[in-house]
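In this note's numbering, the protein residues as written are 1 to 595.
Yeah, the Cβ is synthetic: ideal placement off N, Cα and C, and Gly gets one too.
Take a look at the structure below.
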């Protein structure tokens, strides 16, 4: 009964349209409108796909796009809103769609987990060097890890150069009365070798040459490495030992770049050491590395800790936690991270529609703020109590994309299915790339002609050449946003080309052809059509007055959506090159419907 009412409504609408046309056009019409409404009324049931509601068949079967079993149209109503994707209960169960109520966060603070290790304070690490050349006669420090104090004996060195310097000192003493500057120069030579003043005075008083010199520790600490052995010949400045004072240490944490915006100097880090179970230490961040490690994508955070007890040792692994304040208030709106499809400031979620006859999910752009654990703060776009899809959102988005509805790849759609905002890359599109696009247009024309002839088999036969032309478009000729835009549109063009090849009804081919045309026009608008003259033509009566477009090289109207039934039904909508227009642009007032 419902279907008969629907058919009756169509007939009444057609009759009213005919009457209006008679008064407006004086009763003269090139085409009989009744041909358009002469649909097959023998079938009382329409079958469609739960995931692709554009599919319409008069008998059960498989979806030509996804292969799912078709279901009666009465079980899967369709929406006129391009932002709302409707599904059946079976499709929801198959895709494992799960939703969650948007609620409030637990407050403006969150914990950032960090890992890292303990290192020696670089400012307290030094090298003990030999100040005079010679041979190591004796070492008083023989192993790594030994503790030393400042002024402690470290080694004895035999130095022929030191012997010569002492002889020069004795000769200068003899001429001290007449040439005192020579004596001072001889003393300074010994001072430059870091020989203590007391030792110099002792040499002058004794008059005896000391062949060996003792090396004393310049600072206290732990020997990190012993670099010489007894009997080694060394030069002035040779490193004998690496020494570090471990009374103060650095605690270094690795912080991922997405967390750095919430970490400040002075933040308190609580950390634990696996080697000391049950012990919790704390320190304040004193330095944040200004450079991100390009391999690990982390920056180093540094805290300083007193270690006079010696419990902490360099190279120990640690786990830390920073509690940060995001700047919001307790009770702010938050959404699970698994619900968000886009990254960046503007993100996408699917919102379940309440009280809908069938499961319906609205494409919704939201503005997100800081991350709080497994949630994002929602700045705008959602209201408390709304349910968002937290599992299966990608399945919904993929179905919406194939249906030419709003999706991640096609965020702005009008009721006609055309993008409302198209980027302009024509100014920097290579000529070679544009020529390859025109090869796609060339392969598109035989497909259009087959649909004009209402020839299902010829339309199928035309799709391999169309797919091949798409495959020959060299996307490496584009850079940046232009490259990404083509990749997104290529996926859509290929999907609808395959839909045409797999369709079992001419009506299904025409629907896929409409979607393909919309995507192709967007591509040609974005990248330009070069010197080629193309006409974008439009039939407002296609698909139950929803309207559809097609491309032609000729001004003459030949309608691929009705064929010989309404061959001249349509109007020239645009002539290439088409300039991208903002979404708010008014419709062309000069457009009208020719028959």
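Checklist entry - Alpha carbon to alpha carbon, how far is residue 476 from residue 488? => result In the chain shown, counting from the first residue as 1, residue 476 sits at position 476. In the chain shown, counting from the first residue as 1, residue 488 sits at position 488. Each residue's Cα considered, the two are about 14 angstroms apart.
### Query
In or out: residue 258 buried (at least 16 other Cβ within 10 Å) or exposed?
Taking the chain shown and counting its residues from 1, one reaches residue 258 at position 258. Exposed, since its Cβ has fewer than 16 Cβ neighbours within 10 Å.
| request: Would you list the residues sitting across from residue 316 in a DSSP beta bridge? | output: Counting from one through the chain shown, the residue named residue 316 turns up at place 316. BP columns for residue 316 are empty, so no partner.
message: Applying the 10 Å Cβ sphere with the 16-neighbour rule, what's the burial state of residue 244?
response: Looking up residue 244 in the chain shown gives position 244. When all chains shown are included, residue 244 counts as buried.
Self-check item: residue 179, buried or exposed, once every other Cβ within 10 Å from all chains shown has been counted against 16
Solution: For the purposes of this step, residue 179 is taken as residue 179 along the chain shown, with counting starting at 1. Classification for residue 179: exposed.
*Answer yes or no: do residue 335 and residue 376 have a C-beta to C-beta separation smaller than 7 angstroms?*
By 1-based counting over the chain shown, the position of residue 335 is 335. By 1-based counting over the chain shown, the position of residue 376 is 376. Contact flag set, yes.
Check your understanding: Which one or two residues does DSSP pair with residue 69 in a beta bridge?
Key -> Counting from one through the chain shown, the residue named residue 69 turns up at place 69. According to DSSP, residue 69 bridges with 62.
Span of the beta strand (DSSP E) holding residue 260?
-> Counted from its first residue, the chain shown places residue 260 at position 260. Counting along the chain, residue 260 falls outside any beta strand (DSSP E), and DSSP gives it neither H nor E.
(Q) Using a Cβ-Cβ cutoff of less than 7 angstroms, which residues in the same chain neighbour residue 439 once the five nearest sequence positions on both sides are dropped? (A) One-based indexing of the chain shown puts residue 439 at position 439. Same-chain partners within the cutoff: 469 and 472.
Q: Report yes or no: do three or more beta-carbon pairs, one from the segment 448-457 and one from the segment 500-515, lie closer than 8 angstroms?
A: yes
### Query
Roughly how many angstroms lie between the CA atoms of residue 61 and residue 47, to the nearest whole one?
Numbered from 1 along the chain shown, position 61 holds the residue referred to as residue 61. Numbered from 1 along the chain shown, position 47 holds the residue referred to as residue 47. Each residue's alpha carbon lies about 8 angstroms from the other.
| said: Between which two residues does the beta strand (DSSP E) holding residue 513 run? | reply: Against the chain shown, residue 513 aligns to sequence position 513. Run containing residue 513: none in the beta strand (DSSP E); it sits in the alpha helix (DSSP H), 506-527.
Review point. Would a C-beta distance cut-off of 7 angstroms place residue 209 and residue 166 closer than the cut-off?
Key: In the chain shown, the residue the question calls residue 209 occupies position 209. In the chain shown, the residue the question calls residue 166 occupies position 166. Yes, these two residues count as a Cβ contact at 7 angstroms.
Coil, strand or helix - residue 575 by DSSP:
As a working mapping, residue 575 is identified with position 575 in the chain shown. The answer is strand: DSSP assigns residue 575 an E or B state.
### For residue 324 and residue 262, believed in contact at Cβ under 8 angstroms, the rounded distance
The residue you call residue 262 lines up with position 262 of the chain shown. The residue you call residue 324 lines up with position 324 of the chain shown. Right, the Cβ-Cβ distance comes to about 4 angstroms (below 8 angstroms), so this counts as a contact.
Checklist entry - Are residue 251 and residue 155 touching if we call contact CB-CB under 7 angstroms? => result For the purposes of this step, residue 251 is identified with residue 251 of the chain shown, where counting begins at 1. For the purposes of this step, residue 155 is identified with residue 155 of the chain shown, where counting begins at 1. In this structure, residue 155 does not lie closer than 7 angstroms to residue 251 by Cβ.
Worksheet item: Whose C-alpha, out of 318, 383, 365 and 85, is nearest the C-alpha of residue 113?
Response: Working through the chain shown from its first residue, we reach residue 113 at position 113. The residue with the shortest Cα to Cα distance from residue 113 is 318.
Following the continuous alpha helix (DSSP H) through residue 444, name the residue where it begins and the one where it ends.
Stepping through the chain shown from its first residue, residue 444 is reached at position 444. Unbroken alpha helix (DSSP H) run through residue 444: 431-452.
- Tell me whether residue 357 is buried or exposed, calling it buried when 16 or more other Cβ atoms sit within 10 Å of its Cβ. As a first step, residue 357 must be located in the chain shown, where it is residue number 357. Exposed is the call here.
Inset, instruction - Ignore the nearest five residues each way along the sequence and tell me which others in residue 632's own chain have a CB closer than 7 angstroms to its CB. - result: Summary: the structure shown does not reach residue 632, with the chain confined to residues 1 through 595, and so no result is reported for it.
- Three-state class that DSSP yields for residue 184 in the structure shown: To locate residue 184, count along the chain shown from 1; it is residue 184. In this structure, residue 184 counts as helix in the three-state DSSP scheme.
- Comparing alpha-carbon positions, which option in 303, 224, 151 and 264 lies nearest residue 117? Indexing the chain shown from 1 puts residue 117 at position 117. For residue 117, the nearest C-alpha among the options comes from 303.
* Asked: How many angstroms separate the CA atom of residue 550 from the CA atom of residue 537?
  -> Within the chain shown, the letter at position 550 stands for residue 550. Within the chain shown, the letter at position 537 stands for residue 537. Their Cα atoms are separated by approximately 5 angstroms.
| message | Taking the beta carbon of residue 479 as the centre, do at least 16 other beta carbons fall within 10 Å, making it buried, or is it exposed? | response | Taking the first residue of the chain shown as position 1, residue 479 is located at position 479. So residue 479 counts as exposed.
Review point. What's the gap between the Cα of residue 397 and the Cα of residue 408?
Key: If you number the chain shown from 1, residue 397 lands on position 397. If you number the chain shown from 1, residue 408 lands on position 408. Cα to Cα, residue 397 sits roughly 7 angstroms from residue 408.
Subject >> One or two residues paired with residue 216 in a DSSP bridge >> reply: Taking the first residue of the chain shown as 1, we reach residue 216 at position 216. Paired residue(s): 153.
| task | Assuming residue 524 contacts residue 493 (C-beta within less than 8 angstroms), just tell me the rounded distance between them. | result | As a working note, residue 524 is residue 524 in the chain shown. As a working note, residue 493 is residue 493 in the chain shown. Contact doesn't hold; Cβ gap of about 11 angstroms is too wide.
**Asked** If you run the structure through DSSP and keep just helix, strand and coil, what is residue 428?
**Response** The count along the chain shown starts at 1 and reaches residue 428 at position 428. Residue 428 falls in the helix class under three-state DSSP.
(message) Can you confirm whether the segment 278-286 touches the segment 303-314 when touching is taken to mean that 3 or more C-beta pairs between the two stretches lie within less than 8 angstroms?
(response) yes
query: Which residues mark the beginning and the end of the beta strand (DSSP E) in which residue 302 is found?
result: Here residue 302 refers to the residue found at position 302 when the chain shown is read from its first residue. That run of the beta strand (DSSP E) goes 298-306.
| said: Please report the distance separating the alpha-carbon of residue 314 from that of residue 190. | reply: The residue labelled residue 314 in the question sits at position 314 within the chain shown. The residue labelled residue 190 in the question sits at position 190 within the chain shown. Cα to Cα, the separation comes out at about 38 angstroms.
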